[in-house]
Amino acid sequence: MSFMLIPFAGLLSMDRLTAFNFVFSRPLVVSAIIGSLGGNLSWCILGGLFFELLGLLDLPVGTRISSDDTFGAFAYSVLAVAVPLQSVTYALTAVVICFVVMFPVTWTTLFLRHINGILYKHYRKSGAENFEGWLIFCGQIMAFMRGVIFYTLGTAVCAGIYLAVIRLIPQSVPSFTVIIPLTILCGYFSGFFHAGFLLKIMLFACGGIFSWLIF
Amino acid sequence: MKSIIDKIIFVVKSLFYQGNFNTENMQGTGFAWLVKPELKKQGVAIPEGDNRQFSEYFNTNPSFITIVAGIFINEYKSGGNAFAAKNLYGAACGALGDSFFWHGLRPLLFLATLFICVHFSLWGVVLYPVGYILPHLILIIMGLKIGSTYGGRTISLFNRLRFNYWADMADKISIFLLGMLIVPLFRSSPADDSLFIVLFGLLFVIGYIMYKFLRPIVFLGLLIALILSTFFIYGGFVI
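Heads up: the protein sequence lines correspond to chains A and B, in order.
Read in this note's numbering, the first sequence has 101 at position 114, and its numbers run on one by one without any break.
Read in this note's numbering, the second sequence has 424 at position 132, and its numbers run on one by one without any break.
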């Protein structure tokens, strides 16, 4: 399975940046795929949830480069499968490490776009015609290789840090502590929707009451 | 048969057109790659002077690319100002797509998926990609026909379909779903201690207020600090 993950990382990077737009690169989907293949679906989805909640707010509109939540979910899920995370302490530690390593990986997107820009300007200056197909092909290959190299390298870094620091983390963290950051994230997420404040509160409360009565 | 194969090739190409995405011309290279062969297939001659203009700045939402291509081809064939139309409708369709797909549909699907995962089965996760891919592919496949048939009236068509209204409605349903998801989360916290419910309610409001003032990256820093501090509170680091 570990060999399958390398081209999978390349395809995720392509789906995120240059091709398909099929949301296979969304954290929840990434973690579900890796979790179901590796046999640790529930813990993978729990981590994917953190990255998805944060990533949904960070839209890649215009030239904005959103943080690479795909990598975060990929690295976390690989960790969850390879070093079975069976407690909240392990899972939260892995989430924090992947959050941090996510940023250097995000910068590679900027690098990729920069190279794309250089290639475009070069061909335009040279006066060549019908160069677009070649540039598109180069861009796809680079996006694929970005995933293959940086996603796997980043995951290895995450695993190294995780194994080094896990000894330092207390094991007595109660399971409900995972709800604390999740609740704040959900509060942050709720600000994202378009609706008046009062309407928002009403809808939210209605949903809560409905759920309280039904489940 | 040949026209069907041509259409399939066009649709498949449109899934890859962002290959050269950059800050110089954004998706301009991909647009040229998509549109120039299509014009040639339809027997439209491209004058020497126009050739370079195809790959100039262009940006839109990826789900709407074939629609903008259709509008452009329509304008180009009829001798209108196709390059101005490309930028105008590219921006308009970009706004429509961002609002519908990224702001409305994606969070709604995420929450609906989560709801199914929490209450029914973890396999509910397939709803997320399926629910997103279907409208995305429908627009991609039908886009060329819609764009070339309606031309400049395409935006009016989407307004008639109340595209923005659905995005707005998706937001409201999402808030309702968020309420449905959060409350059981509170209830699963340490048993019947009502203090915890109040505490989590407070944390939720703090998160909401943070959205108004903090950028995601700053918020992320605070979140990491919060997780690490819970480690300190419940046991302390073993150093």
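Backbone N, C-alpha and C define an ideal beta-carbon position, used for all residues, glycine too.
Fair warning: this is a prediction, and the values are worked out from it, not measured in the lab.
Compute the distance between the beta-carbons of residue i and residue j, then report whether it is under 8 angstroms.
i                      : j                      : result
residue 174 of chain A : residue 496 of chain B : yes
residue 99 of chain A  : residue 60 of chain A  : no
residue 463 of chain B : residue 182 of chain A : yes
residue 41 of chain A  : residue 390 of chain B : no
residue 430 of chain B : residue 359 of chain B : no
residue 403 of chain B : residue 450 of chain B : no
residue 83 of chain A  : residue 520 of chain B : yes
residue 67 of chain A  : residue 134 of chain A : no
residue 399 of chain B : residue 9 of chain A   : no
residue 35 of chain A  : residue 503 of chain B : no
residue 33 of chain A  : residue 78 of chain A  : yes
residue 92 of chain A  : residue 56 of chain A  : no
residue 475 of chain B : residue 198 of chain A : yes
residue 123 of chain A : residue 352 of chain B : no
residue 368 of chain B : residue 326 of chain B : no
residue 432 of chain B : residue 347 of chain B : no
Any beta carbon from chain A within less than 8 angstroms of residue i's own beta carbon?
i                      : result
residue 334 of chain B : no
residue 504 of chain B : yes
residue 472 of chain B : yes
residue 306 of chain B : no
residue 379 of chain B : no
residue 347 of chain B : yes
residue 508 of chain B : yes
residue 309 of chain B : yes
residue 464 of chain B : yes
residue 298 of chain B : no
residue 358 of chain B : no
Please decide whether residue i counts as near chain B, where near means a Cβ-Cβ distance under 8 angstroms.
i                      : result
residue 73 of chain A  : no
residue 112 of chain A : no
residue 9 of chain A   : yes
residue 145 of chain A : no
residue 5 of chain A   : yes
residue 136 of chain A : no
residue 166 of chain A : yes
residue 50 of chain A  : yes
residue 44 of chain A  : yes
residue 29 of chain A  : yes
residue 54 of chain A  : yes
residue 148 of chain A : no
residue 153 of chain A : no
Starting from the beta carbon of residue i, find every residue of chain A whose beta carbon is closer than 7 angstroms, and list them in chain order.
i                      : result
residue 343 of chain B : 116
residue 302 of chain B : Result: empty, since nearest Cβ-Cβ is about 14 angstroms, beyond 7 angstroms.
residue 317 of chain B : 107
Counting C-beta neighbours from all protein chains within 10 Å, is the total for residue i 16 or more, i.e. buried, or is it exposed?
i                      : result
residue 427 of chain B : exposed
residue 187 of chain A : buried
residue 418 of chain B : exposed
residue 371 of chain B : exposed
residue 127 of chain A : buried
residue 116 of chain A : exposed
residue 415 of chain B : exposed
residue 304 of chain B : exposed
residue 75 of chain A  : buried
residue 62 of chain A  : buried
residue 18 of chain A  : buried
residue 312 of chain B : buried
residue 523 of chain B : buried
residue 499 of chain B : buried
residue 190 of chain A : buried
residue 373 of chain B : exposed
residue 531 of chain B : Below a pLDDT of 50, predicted positions are generally treated as unreliable, and residue 531 of chain B, at 46, falls in that range; no measurement from the model is reported.
residue 101 of chain A : exposed
residue 405 of chain B : buried
residue 457 of chain B : exposed
residue 107 of chain A : buried
Along the chain, where does the alpha helix (DSSP H) containing residue i start, and where does it finish?
i                      : result
residue 520 of chain B : 508 to 525
residue 161 of chain A : Where residue 161 of chain A is concerned, there is no enclosing alpha helix (DSSP H), given that its DSSP letter is neither H nor E.
residue 487 of chain B : 486 to 505
residue 399 of chain B : 398 to 411
residue 61 of chain A  : 56 to 69
residue 14 of chain A  : 14 to 25
residue 109 of chain A : 75 to 112
In chain B, which residues lie less than 8 angstroms from residue i when you measure between Cβ atoms?
i                      : result
residue 193 of chain A : 468, 471
residue 91 of chain A  : By Cβ distance, chain B contributes nothing, its closest Cβ being about 14 angstroms from residue 91 of chain A, past 8 angstroms.
Starting from residue i, find everything on chain A with Cβ-Cβ shorter than 9 angstroms and list it in chain order.
i                      : result
residue 499 of chain B : 170, 171, 172, 173, 174, 175, 176, 177, 178
residue 414 of chain B : 19, 22, 23, 28, 29, 32
Quick one: list the residues of chain A neighbouring residue i, beta-carbon separation under 8 angstroms, in chain order.
i                      : result
residue 417 of chain B : 15, 16, 19, 32
residue 313 of chain B : 4, 5, 100, 103, 126
residue 324 of chain B : 119
Taking Cβ-Cβ distances shorter than 7 angstroms, what residues in chain B pair up with residue i?
i                      : result
residue 161 of chain A : 526
Starting from residue i, find everything on chain C with Cβ-Cβ shorter than 7 angstroms and list it in chain order.
i                      : result
residue 476 of chain B : Going by chain labels, chain C is absent from the structure shown, which instead holds the protein chains A and B.
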